[in-house]
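Chemist:
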Amino acid sequence: MKKIWLLSVLILTVCTLFSVNSFAQKKKDSTKYTFISIDGKGGIHNHAGTKLGYITKDNVVKNNQGETLYSIDKGGAVVDAKGHKLGFAKNNGDYVNNAGETVLQLKNTQEEECAILDPEGHSWGYVHRNYKLHACAAHCFFLQQAKDKAAQDKKVD
44 MKKIWLLSVL
54 ILTVCTLFSV
64 NSFAQKKKDS
74 TKYTFISIDG
84 KGGIHNHAGT
94 KLGYITKDNV
104 VKNNQGETLY
114 SIDKGGAVVD
124 AKGHKLGFAK
134 NNGDYVNNAG
144 ETVLQLKNTQ
154 EEECAILDPE
164 GHSWGYVHRN
174 YKLHACAAHC
184 FFLQQAKDKA
194 AQDKKVD
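Those letters in the sequence shown? Residues 44 to 200, per our numbering, in order.
And the structure:
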């Protein structure tokens, strides 16, 4: 009887450790996914609703502290605060990187809303139709920031 009890406790312990590890892994992986939305007032929010920044009337994107992150010039070039060209925002909202590859594109979903889609058609967020020009550029900018932060965190570990 003691052997059966010991075996069942051992199996329960192994299953618990296995499931805890699985949940921890899922949470860690979910931080790689950056889903954003841009509301009708130009506020840029992540999937949890936290405000990441905002878009000014001059097509400049700023963080919550008012620091310039990037801007889009009249020709559609996306330029960061240091003057580096990040890519190109087309009039329809599609975002093209410096190599000329379409990174993200827009699709009208409702009267005032557009979906941000990758080339395979997966949704990465939503944007108010007034901010089509910034939709994919903002997403790519904040995704790159998240990747850079993750790389820095990895170096510290």
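Every residue, glycine too, gets a C-beta built ideally from N, C-alpha and C.
1. Taking the straight line between their C-alpha atoms, what separation do you get for residue 84 and residue 169?
2. By the DSSP assignment, the beta strand (DSSP E) with residue 123 in it spans what residues?
3. Between which two residues does the alpha helix (DSSP H) harbouring residue 178 extend?
4. Using 8 Å as the Cβ pair cut-off and three pairs as the minimum, do the stretch 189-196 and the stretch 102-109 touch?
5. Taking only the alpha-carbon atoms, compute the straight-line gap between residue 162 and residue 174 and give it to the nearest angstrom.
6. If we ignore side chains and look at the alpha-carbon of each, how far apart do residue 130 and residue 149 end up?
7. Roughly how many angstroms separate the alpha carbons of residue 82 and residue 154, rounded to a whole number?
8. Using only CA atoms, which one of 198, 184, 180 lies nearest to residue 133?
9. With a floor of 3 residues, list each beta strand (DSSP E) that falls wholly inside the stretch 78-110, ordered by position along the chain.
10. Determine the direct distance from the alpha carbon of residue 120 to that of residue 112, and round the result to whole angstroms.
11. Taking all protein chains shown into account, do 16 or more other C-beta atoms lie within 10 angstroms of the C-beta of residue 55, making it buried, or fewer, making it exposed?
Modeler: To lay it out plainly:
1. 14 Å
2. Unbroken beta strand (DSSP E) run through residue 123: 120-123.
3. 175-199
4. No, because fewer than three Cβ pairs between the stretch 189-196 and the stretch 102-109 fall closer than 8 Å, the two stretches do not touch.
5. Residue 162 and residue 174: Cα-Cα distance of roughly 20 Å.
6. 16 Å
7. Between residue 82 and residue 154, the C-alpha separation is close to 14 Å.
8. Measuring from the Cα of residue 133, the nearest candidate turns out to be 180.
9. Scanning the stretch 78-110 for uninterrupted beta strand (DSSP E) segments of 3 residues or longer gives 79-81, 86-89, 94-98, 103-106, listed from N- to C-terminal end.
10. 14 Å
11. With a pLDDT of 47 at residue 55, under the threshold of 50, the modelled position of this residue cannot be trusted, and the question is left open.
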